[in-house]
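Q: If you're matching positions, the sequence shown starts at 1121 in our numbering and goes up one per residue.
Idealized CB from N, CA, C, for every residue including glycine.
All values reported here derive from a predicted model rather than from experimental measurement.
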Amino acid sequence: MDDGSVWPPAFNPSLFKLNGCSTTPLVGRRKTFNVGPGQTYTELNTVPWLSLQAGDVVNIFYRSTPYKTYVGLRSVGNSTHPITINGVTDSSCRRPVISGDGALPADDAKAARFGDYPGGTLAGSGIFMFYRKSSDDYEHSAAFFAFKNLELRDAVYGKSYVTYDGTTRTYDYFTAAIYAVRIKYLLVDNCYIHSNGIGLFTNTRGQSENDYSAYTFVRGSKLDRNGYFNSETEHNLYTQGRRVLVEGCYIGQARDGSSLKDRSSGTVIRYNFVQASARALDLVDSEEETYTPVKSDPLYDYAWVYGNVILNDENSAYGYAGRPIHWGFDKIVSNSRKGSLFFYGNSFLFRTKDGYYTTVFQMGQDGEIPSTSNFTILCWDNVFTNQPSFQKQTYLRLLADSGRLTLHGINYIHSVFDHSRRENAAGIVSTSSEQGAGTLWTGPSTVLDAMTFKPNAGSVLIGAGNSFKPDYSQIEQANPDFKKENLERVAEYYTVSGGIAGARLRPNSLALNVGAK
């Protein structure tokens, strides 16, 4: 498991299961716990979850009915001996399902009353809950956990669970399939997480020096249809911690929440398919309290979004975004990320028939931005287009309200848009570089295939990528672990039937195109 010694880690295609199958159980370096039909444990509740140790593996075998147990986790693994909760698929690649609908507490969580605190409890917060036992040191944090090949669902308002006292209660709104008060080094790999209040939630409260999450990796997973129609505070992913990497995922809609909401440092979002909800990507300020382990990270002011296909569909039953990509803050301007969002090699697709105008980026909140010259969005090698069957002359605002968006290299905009380079004091500038002046190309949507999102034969996008090289020297000086080489675009999002997500190396990594593929 990645130890975070360099950031970001290099893309590794061998880590992705492009068919979603994992039919062979893993063997733990210390102990192996097999759960399922004909196994040592037939149900999840009897596994000693709170006593797991470094190198342990819990194999959960597929069965036709869901498992219904919620679990407390608090153990500590390490990079060579992580604690792995592993789904074993059947031959048709079906993952074992763990449902929160009617879930019972794990026996050890019930006995320890895991997560109880004066006036409340974590019970009912999710299917897998990370915190500490009452006998643990106050600063204790779980670490090095991997979730693989699982389907997690139904920890959601409207469904119920059984309390430690044996009564039945309805879930609150703010529940998650994976709910972490704090967790260091968490991997979610090849999982399907849907129909929860939140898919994945990692928190950083900052109530003590160690009260934070760090190094969250979400890889090759599908997160879709979490959240609610009448609440905007629940999302598919909701991460707050030091360093977050989301790669090769299908990130669907979250109804009135955001598809991905992040309050972290050094965020890297690469090679994903993202469909916008209230927002597609909401990259804003940390909500730490007394201690500030996230804001004190030298990479707090930076994020990288590259190689993604991002769809904003006005016709979707689950809504769409008026301002799909948000950078900076939504709470307190002094806590804002004050540096650069690097946005490159993405294909941004609109489906707008009846809208008068559409906007891509928002910086800050309600027209307020941090007072620093470094606060900007840098764009190059991107495509912004309307898909052919949804074309209408629509007014495109690249940037709303206030802020500064800088176009480097080449960016392509579909000519059906009446595009604005300056709107409501939001500055959009083209700057020169060693590759030449920043350029907006315009033309038809047929530069991309409507189904695969790849450039069509003869497209001007082919081979025109890599049109700008950012200067990372200041970031490198402040961050010895920063590896700019690992931010080069080398891969692309990939999916097969069933929406299984992943990423693979591009067929020819030397000839980069404008756009994600």
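What does a CB cutoff of less than 8 Å around N1165 pick up in its chain, not counting 5 residues either side in sequence?
A: Correct list, in chain order: T1189, L1224, P1225, A1226 and D1227.
Q: If we count the other Cβ atoms within 10 Å of its Cβ and call it buried at 16 or more, is A1577 buried or exposed?
A: Result: exposed.
Q: Please classify I1452 as buried or exposed, where buried requires at least 16 other C-beta atoms within 10 Å of its C-beta.
A: By the 10 Å Cβ count, I1452 comes out exposed.
Q: What separation, rounded to the nearest whole angstrom, lies between the Cα atoms of A1621 and T1615?
A: Taking the straight line joining both Cα atoms gives about 5 Å.
Q: For a quick check, are the C-beta atoms of V1394 and I1445 less than 7 Å apart?
A: Cβ atoms of V1394 and I1445: not closer than 7 Å.
Q: Count the other CB atoms, across all protein chains shown, that sit within 10 Å of the CB of A1545; report buried if there are 16 or more and exposed otherwise.
A: Reliability of the predicted coordinates at A1545 is poor, the pLDDT of 38 falling under 50, and the value obtained from them is presented with this limitation in mind. By the neighbour-count rule (16 or more Cβ atoms within 10 Å), A1545 is not buried but exposed.
Q: Out of curiosity, what's the CA-to-CA distance linking I1313 and W1561?
A: Each residue's alpha carbon lies about 38 Å from the other.
Q: In angstroms, rounded to a whole number, what distance separates the CA positions of L1270 and D1309?
A: Cα to Cα, L1270 sits roughly 9 Å from D1309.
Q: Which partner residues does V1336 have in the DSSP bridge list?
A: Note on identity: in this sequence residue 1336 is Thr, with Val being the wrong assignment. L1306 and V1364, per the DSSP bridge assignment.
Q: From which residue to which residue does the beta strand (DSSP E) around E1596 run?
A: Run containing E1596: none in the beta strand (DSSP E); it sits in the alpha helix (DSSP H), S1593 to A1598.
Q: Which stretch, first to last residue, makes up the alpha helix (DSSP H) that contains D1228?
A: Counting along the chain, the alpha helix (DSSP H) containing D1228 begins and ends at D1227 to A1232.
Q: Taking only three categories from DSSP, how would you classify P1168?
A: Looking at P1168 - three-state DSSP - the assignment turns out to be coil, as it is neither helix nor strand.
Q: Return the first residue and the last residue of the beta strand (DSSP E) that V1429 is part of.
A: V1429 to D1433 is the span of the beta strand (DSSP E), which, as asked, contains V1429.
Q: DSSP on L1519, reduced to helix/strand/coil?
A: Here L1519 sits in strand by DSSP.
Q: If we count Cβ pairs, one from each stretch, closer than 8 Å, do we get three or more for the segment 1262-1277 versus the segment 1149-1160?
A: Segments in contact, no.
Q: Using C-beta distances below 8 Å, list every residue in its chain close to L1242, excluding the 5 sequence neighbours before and after it, in chain order.
A: Result list for L1242: G1192, F1234, G1235, D1236, M1249, Y1251, Y1299 and V1301, in chain order.
Q: Output the distance between the C-alpha atoms of Q1173 and M1483, rounded to the nearest integer angstrom.
A: Distance between the alpha carbons of Q1173 and M1483 is about 44 Å.
Q: Can you give the beta carbon distance from S1384 to I1371, rounded, assuming they're within the 8 Å contact cut?
A: That belief does not hold up - the Cβ atoms of S1384 and I1371 are roughly 16 Å apart, past 8 Å.
Q: Tell me the residue span of the beta strand (DSSP E) that contains Q1507.
A: Where Q1507 is concerned, there is no enclosing beta strand (DSSP E), given that its DSSP letter is neither H nor E.
Q: When DSSP builds the beta bridges, which residues end up paired with K1279?
A: Paired residues: Y1277.
Q: Identify which residue in V1536, H1534 and L1498 has its Cα closest to the Cα of L1519.
A: The candidate whose alpha carbon is nearest that of L1519 is L1498.
Q: What does the alpha-carbon distance come out to for the pair S1397 and N1435?
A: Between S1397 and N1435, the C-alpha separation is close to 12 Å.
Q: Can you name the residues that DSSP bridges to N1206?
A: Answer by DSSP bridge pairing, in chain order: N1179 and K1268.
Q: Decide if G1556 is buried, meaning its Cβ has at least 16 other Cβ atoms within 10 Å, or exposed.
A: Confidence is the limiting factor: at G1556 the pLDDT is only 37, short of 50, which leaves the residue's position unreliable and the question unanswerable from this model.
Q: Between the beta-carbon of N1330 and the beta-carbon of E1259, is there less than 7 Å?
A: Result yes, Cβ atoms of N1330 and E1259 sit closer than 7 Å.
Q: Would you kindly check if the distance between the Cβ of R1524 and the Cβ of T1496 is under 7 Å?
A: Closer than 7 Å, so yes.
Q: Whole angstroms is fine: what's the gap from A1130's alpha carbon to Y1438's?
A: Roughly 34 Å between the two C-alpha positions.
Q: Using a Cβ-Cβ cutoff of less than 7 Å, which residues in the same chain neighbour Q1159 once the five nearest sequence positions on both sides are dropped?
A: For Q1159, where only same-chain residues beyond five positions count, the Cβ hits under 7 Å are F1181.
Q: Just how far apart, CA to CA, sit S1467 and P1564?
A: Each residue's Cα considered, the two are about 14 Å apart.
Q: For N1494, which residues of its own chain have a beta-carbon under 8 Å away from its beta-carbon, when the five flanking residues on both sides are left out?
A: Closer than 8 Å at the Cβ level, and outside the excluded window around N1494, lie D1421, K1458, G1459 and S1460.
Q: Which residues share a DSSP beta bridge with A1611?
A: BP columns for A1611 point to L1625.
Q: In or out: L1343 buried (at least 16 other Cβ within 10 Å) or exposed?
A: Counting Cβ neighbours within 10 Å, L1343 comes out buried, since at least 16 surround it.
Q: Under 7 Å between the Cβ atoms of G1278 and Y1293?
A: Going by C-beta atoms, G1278 is not nearer than 7 Å to Y1293.
Q: With DSSP collapsed to three states, give me the class of V1567.
A: Helix.
Q: For Y1348 and N1356, I'd like the C-alpha separation in whole angstroms.
A: The alpha-carbon atoms of Y1348 and N1356 are separated by roughly 10 Å.
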